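Have a look at the structure below, then the notes.
Structure representation (structure tokens):
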């Protein structure tokens with residue numbers, strides 16, 4: 001199993017919107033590295049849902065329910081989507097500030113490549129972030 005983090009601006013698409021829909025097609029990615037991350041996602045992988053621009057925090061856990069296929073929002077075959085389902089909202093969110101201040105997360109892709117909307121999270125980092133939600 002791999003672990004990931006996806007970012008969304010909550011005024012455009014929030015965790016609550018995601019839960020209301022019950023699933024989401026993660027579309028509109030137009031960065032090659034983020035696209036490659038989508039292509040590497042496998043059914044059953046866990047995904048942190050991060051509110052960007054507003055909130056700046058990990059707010060919930062999702063799961064990949066369908067692996068990559070062509071992005072239906074474009075005719076350009078280079079772009080793909082995955083489908084995600086919500087697993088749970090965290091009672092205690094994990095802020096960007098917390099992650100930046102935790103030396104154990106110094107190599108977290110979110111911190112190193114802050115512009116990417118889809119990033120990998122290695123297992124130790126995933127476990128650390130999960131522990132901060134408890």
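Residue numbers (full-length UniProt numbering): 1 to 134. Glycine is no exception: its CB is placed at the ideal position from the N, C-alpha and C atoms. In this text, all values refer to a predicted model and were calculated from it rather than measured experimentally.
Check	Outcome
Cross-strand partners of residue 66 (DSSP beta bridge)	83
Contacting residues, own chain, Cβ-Cβ under 7 Å from residue 79 (five flanking each side not counted)	29, 30, 35 and 71
Member of 11, 27, 131 and 21 whose CA lies at the smallest distance from the CA of residue 55	11
Same chain, Cβ closer than 7 Å to residue 73, five either side skipped, listed in chain order	27 and 28
Cβ shell of residue 81 (< 6 Å), same chain only, five flanking positions each side left out	25, 26, 27 and 71
Start-to-end residues for the beta strand (DSSP E) that takes in residue 8	3 to 8
Stretch-stretch touch, CB-based, cutoff 8 Å, three pairs: the segment 47 to 67 with the segment 82 to 91	yes
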